[in-house]
Structures are given as C-alpha cells and as structure tokens.
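*Asks:* In the numbering used here, the protein residues as written are 139 to 381. After the structure tokens below, expect a handful of questions from me.
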C-alpha cells in the first residue's frame, strides 16, 4: 500500500484500532508536541487556552479541574496560572505525553493521571470544570466521551473544549488547505521525523464535526447553555456548556 493509501486508511480507522493508532502516534511525537503546536497555530494556541480557562468560570476559591486528554498539560498550567487556588488533574491515556509534562516548570504542582476519556475513573459530580484541548476529534465514541464529562461535573460546573472544526467553504479555503496539507506535514517531518502523524492530524480535523453539530451532541447528553466561538479562520472552535 502506498503512503497515500496508508494515510487514508489511518484517518478512517474506527474502534480500538483507531484508539491504538492515536495513542502510538502521540507517543512518537510527545517530545516535540508543544513546539509543533506553536508552529502549526502560529502561536495562537496560547491565546485559545487562556480563553478556555476564562470560559470555564472557575470558582474564585479552591476549585477542582479535570484536564482531559491533557497531553503535556498546557491547559492545566493555564488553570493554575489564572486560578492559583485551583487543583488541576491532568489526565491522558498516552503516558509519554504526561512524562514530558511532568518535566516542565511547575509540573510538580499538577496531579497526573492515566485516564481513558470514555471511562473516567472519578465519581459523579466531582469537578468544577472539565476542560480539553484537541481531544474530542480523536475519541472513538464521542457521545460516550461527552456523557462521561457531564457525569463527573458538579451541578453548575462547566465543560469547555478547544478543538478543530471542519472548515467552511470560502475564499480562504485554498490557503487553509495548503497550510494544513502541505505546511504542517513538512514541519512535522522536519522537526519530529513524523510526516505521517502530521498528515493524520489535519485529515482528522477535516473529518471531524462542524461546530454546530458538536454543539448539538453536547445538548443531547444534557449540557445546557451550550455555545461556541470559531477561531483561526474558522478551523478551530471553543465550545462550552453547563451541567
């Protein structure tokens, strides 16, 4: 099978085969993940993460935050920066990503936990907020992942997701496609040696839901006050909702 056919097959994997592929992919790129995020988003991801924490509306005193699919902990660190009294649990199923996060300055102030987003091992009504960055497009059962986040939230707690969304047609579409399918894989190969991983990531974005459809799925599992804002020419969206 040629490289193109292989990449198409990987993009359309389902079930546990997809989960295993995603886990192995993030294990391979863990060491350069943060650098690539800054380059792929032209530094905008830091602004988006600050917005995620603001929209989580954490209680002013001690609050408990679950950073699901935390990777190297960017959102956890931002939560502690904005709300020093918070306790952040960074949860991910890729251990290598969390190992990188633990070595970052302040990593000792984050609680790290190996967690499957489809089976969150925490009690009902536990967290003031559940936050995630670029998680939802990679889960193999989106309704289950959303239902689990709803379950572990306290009544009145907020879920906030930062993720890609399917780009809309428009005059910028060719430029966006060039950035996603040419620039990002080239950077990925240069910095990580993993062109395949950085072809999968743009492809998975284009195969994910429209922002409006993700909002509908959030409402379907019980979230209220659901809203979203698009960012970066409409290819990224921040969604939020309340229990």
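Beta carbons are placed, not taken as given, at the ideal position from N, Cα and C, and that holds for glycine.
What does the alpha-carbon distance come out to for the pair residue 238 and residue 231?
*Replies:* C-alpha separation (whole angstroms): 13 angstroms.
*Asks:* In angstroms with no decimal places, state the Cα-to-Cα distance between residue 167 and residue 253.
*Replies:* 19 angstroms
*Asks:* In the structure shown, what three-state DSSP assignment does residue 140 receive?
*Replies:* Only weak support exists for where residue 140 lies, its pLDDT of 39 falling under 50; the value from the coordinates is given anyway. Three-state DSSP puts residue 140 in coil, outside helix and strand.
*Asks:* Which same chain residues end up closer than 8 angstroms to residue 223 when comparing Cβ atoms and leaving out the 5 residues on each side of it in sequence?
*Replies:* 198, 199, 200, 201
*Asks:* Who are the near neighbours of residue 176 in its chain, counting only those whose CB is closer than 8 angstroms to its CB and skipping five residues on each side?
*Replies:* 183, 184
*Asks:* I need the straight-line Cα distance from residue 191 to residue 377, nearest angstrom please.
*Replies:* 12 angstroms
*Asks:* Are the region 341-349 and the region 272-287 in contact at 8 angstroms, needing three or more beta carbon pairs?
*Replies:* yes
*Asks:* Going along the chain, which residues of its own chain have a beta-carbon closer than 6 angstroms to the beta-carbon of residue 142, five neighbours each way excluded?
*Replies:* At residue 142 the pLDDT is 39, less than 50, meaning the model places this residue with poor confidence; the figure from the coordinates comes in the next sentence. Taken in chain order, the list of residues that qualify is empty.
*Asks:* Which partner residues of residue 300 appear in the DSSP bridge assignment?
*Replies:* Answer is 271, 376.
*Asks:* When burial is assigned at 16 or more other CB atoms within 10 Å of the CB, is residue 328 buried or exposed?
*Replies:* exposed
*Asks:* Expressed to the nearest angstrom, what Euclidean distance is found between the alpha-carbon atoms of residue 264 and residue 368?
*Replies:* When rounded, the distance between both Cα atoms is 29 angstroms.
*Asks:* CA-CA distance, residue 382 and residue 208?
*Replies:* An answer regarding residue 382 cannot be provided, because it is not within the stretch 139 to 381 covered by the chain.
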